[in-house]
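To start, the structure under review is shown below, and the notes come after it.
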Amino acid sequence: TQLLEQSPQFLSIQEGENLTVYCNSSSVFSSLQWYRQEPGEGPVLLVTVVTGGEVKKLKRLTFQFGDARKDSSLHITAAQPGDTGLYLCAGGLSSGSARQLTFGSGTQLTVLP
Amino acid sequence: SQTIHQWPATLVQPVGSPLSLECTVEGTSNPNLYWYRQAAGRGLQLLFYSVGIGQISSEVPQNLSASRPQDRQFILSSKKLLLSDSGFYLCARYSRTGSEAFFGQGTRLTVV
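Same order as they appear, the protein sequences are chains W and L.
Once you know that position 90 of the first sequence is 90 in the numbering used here, the rest is easy, because the numbers rise by one and skip nothing.
Once you know that position 4 of the second sequence is 4 in the numbering used here, the rest is easy, because the numbers rise by one and skip nothing.
Structure (C-alpha cells):
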C-alpha cells in the first residue's frame, strides 16, 4: 500500500507570511499532484509534476517534486486569506491500473487577515 | 468542457434508511469514475471505482454499494444507513492518463 504523509496537518499564519507544506512517501510515484479544497466543495487541481527535481510556479505558489520522486513541497509566498483551504497531495502510479492515485491526509491552512 | 454533476448537495437521513447518490459526467465518453468519502478536513478514502458500464471495483468492504448503469452515470447506494456512513462523498473522474483527478461538488451526508 502506498502512503502519502502530509505535514503539518494544521497551519495558521498571518497574511503576508510565507509557508511550506510537505508531502512525503516511501514509494516512488510517476507523477504528483496538488489540490486545494474549500469547505463544501470538491478538490480542485492546482498542478501536476512528473519529473524528479521539477519545479513549477503558479503565481505565489511554488511546487517541487523530489529528485527521487518520493516527496513534494508546496511553498506559498506572501500568503493571503484567499489561500485558506485544505491542501491535498496525490501520487500517481504508472502501473496501468485504473486505481492510480493515492491521496495524502491533507494540510488545513488558515491565513488570518 | 468536461463537467461532473453530483446531487443532492446535502442530505440528512435517519439510521436504517436507504441511500442513493447520483453522479453524472458530461463532455467525455468511457471515463473511469470514482467514489470517495472524506472525513471533515481530512484526506480521501477511495470507496469504489468503475472502468465501464456494469464494472465496479470495491476498495473497502462496508455498508455501501455502487452501480454504473450508463457510461456517464455512477451511483452510490445503501440499503440501510449507519451513523458511521456520515461524511462528504465525492465523485471523480480521472484524466485519460490517470494522473489527475477531477471532482464533483460533493454531497454532505448526515445520518441521524
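We put the beta carbon where it would ideally sit given N, CA and C, even for glycine.
This one's a predicted model, so the numbers in the text were calculated from it and none came from an experiment.
Query                                                                                                                                  : Result
Given that Glu41(W) touches chain L, what residues does it touch there, using C-beta distances under 7 Å?                              : Gln105 and Gly106
Exposed or buried, what is Ala66(L) when buried is set at 16 or more other beta-carbons lying within 10 Å of its beta-carbon?          : buried
Anything in the segment 35 to 46 of chain L with a Cβ closer than 9 Å to a Cβ of chain W? List those residues in chain order, please.  : Tyr36, Gln38, Gly41, Arg42, Gly43, Leu44, Gln45 and Leu46
Examine chain L for any beta-carbon lying closer than 8 Å to the beta-carbon of Gln33(W), and answer yes or no.                        : yes
By a C-beta neighbour count over all protein chains shown, 10 Å radius and 16 as the cutoff for buried, is Val49(W) buried or exposed? : buried
If you check the beta carbons only, do Ser17(W) and Ala79(W) fall under 8 Å apart?                                                     : At residue 17(W) the sequence reads Glu, which differs from the Ser that was named. Closer than 8 Å, so yes.
Please classify Phe10(W): is it buried, with 16 or more other beta-carbons within 10 angstroms of its beta-carbon, or exposed?         : exposed
At the 8 Å Cβ level, is Leu109(W) part of the contact set with chain L, yes or no?                                                     : no
If the criterion is Cβ atoms closer than 8 Å, does the pair Leu58(W) and Phe102(L) meet it?                                            : no
Short check: CB of Asn32(L) to CB of Asp71(L), under 8 Å?                                                                              : no
What would DSSP say about Asp85(L), mapped onto helix, strand or coil?                                                                 : helix
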